[in-house]
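Inspection log for the structure reproduced underneath, given as structure tokens.
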Amino acid sequence: MTTPEGDREELVLAAADGTLDDVQRQRLAVLRAADPTVDAEIAQLRSTLEALQQLDGWDEASMVPPPSPAVLRRAQEQIASEEVPPAGQDLAEARRGGDSGPRPGRRALFGLAAAGLVATGAVGQDVVRRLRPGTPEGDPGTLGALERAQVEDVAPGVQVDLGVVAHTWGTETVWVVDGADPGVVYDVVLLDRSGGRTGSGSFLGTRDPLDCELNAAILREDVAEVLVVTAGGQVWARAPLPPVEA
Amino acid sequence: MTTAGLAVLDRAAPREARPLSRRDFDVARAFDEHGSLLLGLAVNALGDRHAAEDCVQETLVRAWRARDTFRAERGSERTWLVAIARRVIIDSARARSRRPVEVRAVPPEPAPQPGVDAQVADRVTLLAGLARLSPEHRQVVVEVQVRGLSYDELSHLTGVGVGTLRSRMYYALRALRGILTEEADHDDA
């Protein structure tokens, strides 16, 4: 450390870790007079050192072995399950593999709702719940539970039903949509309470009612509202979500 | 995402503007090239290899979902993956600290202490910074600052001179500071 830069290294580190001797202290005073930024650097290194000294250990050996091949296989399986399915098959059907038994005709369910044969307000949730048999309901933020969501601001003749599921890895939205324009792209965006947006994929409008499940990397407790946005930039549907109780 | 959807995202986070064309993200290659680093980081943060492997899996899936957001000009794929892994691990660590109640489980656990989330995040962020240091830089930082060895003791163990070790410490701390600042920028973006 005999070069000017080496001298600076030595003095800054010694000042940060508290090992300055008298000679170094005098040299640091000279350096400080020539370069006022040295104090800021010392303060930064000192705070970094203090943070490091709070750590309870480090296992270097764990940096060497690769993860089990099963990790890659599971990731690839999960990705495959989320990729766009072949034409003519919607995502939910693709995930179920078509072997989950008979499901209610969605048109029939919407028809019941339109005819007023099912209580208003519960209709949509009944529709959504039928997509997730076995998933219990729960309060907002309850992990793994289907949360009722009220969709607002949809155009006349359009039916959008939404369920929300909180997970440790983020928030899942379960959709049944009737009346979206065929071929039009609709984006799903989750808003947090500070106005930040997290994208959660898209769906294409279809002639028949569609159902799909979308994931977002934001915790349910941070989500304030779910939006569906059209290609024209208009909010096509919105669903304000209640806050998660502590 | 459509242009309109991108605009919605851009209004809130212009620095994370998504390109319109999708970028290929080879999960198997990412696993081969970065799996050990991601696993090492997760093991150090969680102390549980099984949970750490779950985090690596989730990191790869989230990276695939977010492949449109990767910007080579903002950093390497390794940097991008570590940033995703850091968030995954923080989520996992928070969930473990809260011991979340699954449906049907009673009674509920008490809420975490205020500030615990921030402590978890800070610790994981610091560990992610350590993981991204070169092995030589990480060694001097860990042995001296975390394990408490003196420079003389480390010099004796490694055969590297004290002056060289102190120089490595200086540059390691500067690199770590830069990484932590970069992570904070990612969080703000």
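These protein sequences, in sequence, are chains V and B.
In this text, residue positions in the first sequence follow the working numbering: the first is 1, and each later residue adds one.
In this text, residue positions in the second sequence follow the working numbering: the first is 1, and each later residue adds one.
Ideal Cβ placement from N, Cα and C applies to all residues, glycine included.
Please read all numbers here as calculations on a predicted model, not as lab measurements.
| Item | Value |
| --- | --- |
| Cα-Cα separation between residue 42 of chain B and residue 49 of chain B, rounded to whole angstroms | 8 Å |
| Span of the beta strand (DSSP E), counted from its first residue to its last, around residue 40 of chain B | That residue, residue 40 of chain B, is in no beta strand (DSSP E); its alpha helix (DSSP H) goes 27–46. |
| Short Cβ contact (8 Å threshold) for residue 183 of chain B with residue 65 of chain B | no |
| For residue 171 of chain B, the residue or residues it bridges with in DSSP | For residue 171 of chain B, which the question treats as bridged, DSSP gives no partner whatsoever. |
| Option in V/54, V/40, V/245, V/147 with minimal Cα separation from residue 174 of chain B | V/40 |
| Contact with chain B by residue 65 of chain V, beta-carbon distance below 8 Å | yes |
| Chain V contacts from the region 23–45 of chain B (Cβ-Cβ distance under 7 Å) | 27, 28, 31, 35, 36, 37, 39, 40, 43, 44 |
| Through-space distance from residue 48 of chain V to residue 54 of chain V, alpha-carbon basis | 10 Å |
| Cβ pair residue 137 of chain B, residue 168 of chain B closer than 8 Å | yes |
| Near-chain V residues of the region 163–174 of chain B (beta-carbon distance less than 7 Å), N- to C-terminal order | 163, 166, 167, 169, 170, 173 |
| Length of the line joining the Cα atoms of residue 125 of chain B and residue 61 of chain V | 20 Å |
| Under 8 Å (Cβ pairs) to chain V, residues found in the region 59–70 of chain B | 60, 61, 62, 64, 65, 66 |
| Nearest-angstrom Cβ-Cβ length linking residue 149 of chain B and residue 81 of chain B, presumed shorter than 8 Å | Between residue 81 of chain B and residue 149 of chain B the Cβ distance is about 31 Å, and since that is not below 8 Å, they are no contact. |
| Host alpha helix (DSSP H) of residue 23 of chain V (start-end) | 22–34 |
| Among V/173, V/207, V/143, V/69, nearest to residue 201 of chain V - alpha-carbon criterion | V/173 |
| Sequence-distant residues of the same chain with beta carbon closer than 7 Å to residue 90 of chain B, five excluded per side | 120, 121, 124 |
| Contact list for the region 82–97 of chain B against chain V, Cβ threshold 8 Å | 87, 88, 91, 92, 95 |
| Rounded Cβ spacing between residue 25 of chain B and residue 72 of chain V (contact assumed at less than 8 Å) | With 8 Å as the limit, residue 25 of chain B and residue 72 of chain V do not qualify as a contact, their Cβ atoms being about 13 Å apart. |
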